[in-house]
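Colleague: If you scroll down you'll find the structure; I have some questions about it.
In structure tokens:
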């Protein structure tokens, strides 16, 4: 659903953009999101014996994200945070959130290698449901060339680097649309195969 909706956004930009450069920079940002989702789906899908466990790990990380969002938001004194602090359902919601966070957090503890060779685990949690980074996922998926050629460069579109803003991505808009369709189709195929859908 995530990649299909993002593909539709790229298509909408393609149809309604007045010039190629404004389309390609924004479409490249969205393509990077699709590729990120594809790599995570691939991580879950690639080994049928681990799919359920990894899918659960992916889904349960929502409790970590919610908990962190609450902590970050409520530490300020602005209109939004004050409104949330005064909400009548806050105590019950925070209790439920804490309970779910405590239930899953040990699965996401950071691991840090010390100088003496031992590994320190926790109590901090990592910022993603999987260990490592997107580059590591790309390498494990055998998609290192796609990652290095397209995605690393498209990070500049996300972060507004001078190189990307001045020149845009190295590919034209048609190529971005084709890549978006290709990455989305890979995820569709995983769904078809995993769920035994007949088309």
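Residue numbers (this note's numbering): 1007 to 1205. Each residue gets a CB set at the ideal place from its N, CA and C atoms; glycine is no exception. This one's a predicted model, so the numbers in the text were calculated from it and none came from an experiment.
(1) Can you tell which of 1080, 1105, 1113, 1021 has its C-alpha closest to the C-alpha of residue 1180?
(2) Based on Cα-Cα distance, which residue from 1157, 1108, 1010 lies nearest to residue 1069?
(3) How close, in whole Å, do the beta carbons of residue 1144 and residue 1045 come, if the pair is a contact with beta carbons under 8 Å?
(4) Which residue from 1123, 1043, 1026, 1099 puts its Cα closest to that of residue 1194?
(5) Return helix, strand or coil for residue 1174, following the three-state DSSP convention.
(6) Should the segment 1150-1164 be regarded as contacting the segment 1084-1103, the criterion being three or more beta carbon pairs within less than 8 Å?
(7) Round the Cβ separation of residue 1048 and residue 1147 to the nearest angstrom and send it over; I've been treating them as touching at under 8 Å.
(8) Going by C-alpha distance, which of 1102, 1058, 1157 is nearest residue 1182?
Modeller: Walking through what the data contain:
(1) When only C-alpha atoms are compared, the closest one is 1021.
(2) Ranking 1157, 1108, 1010 by Cα distance to residue 1069 puts 1108 first.
(3) Distance from residue 1144 to residue 1045 at the Cβ level is roughly 6 Å; contact confirmed, criterion being Cβ atoms closer than 8 Å.
(4) Among 1123, 1043, 1026, 1099, the Cα nearest to that of residue 1194 belongs to 1043.
(5) Coil, per DSSP.
(6) Using a C-beta cut-off of 8 Å, the segment 1150-1164 makes no contact with the segment 1084-1103, since fewer than three inter-stretch Cβ pairs fall below that distance.
(7) Going by Cβ atoms, the distance from residue 1048 to residue 1147 rounds to 5 Å, so yes, they are a contact pair.
(8) Considering only 1102, 1058, 1157, the residue with the shortest C-alpha distance to residue 1182 is 1157.
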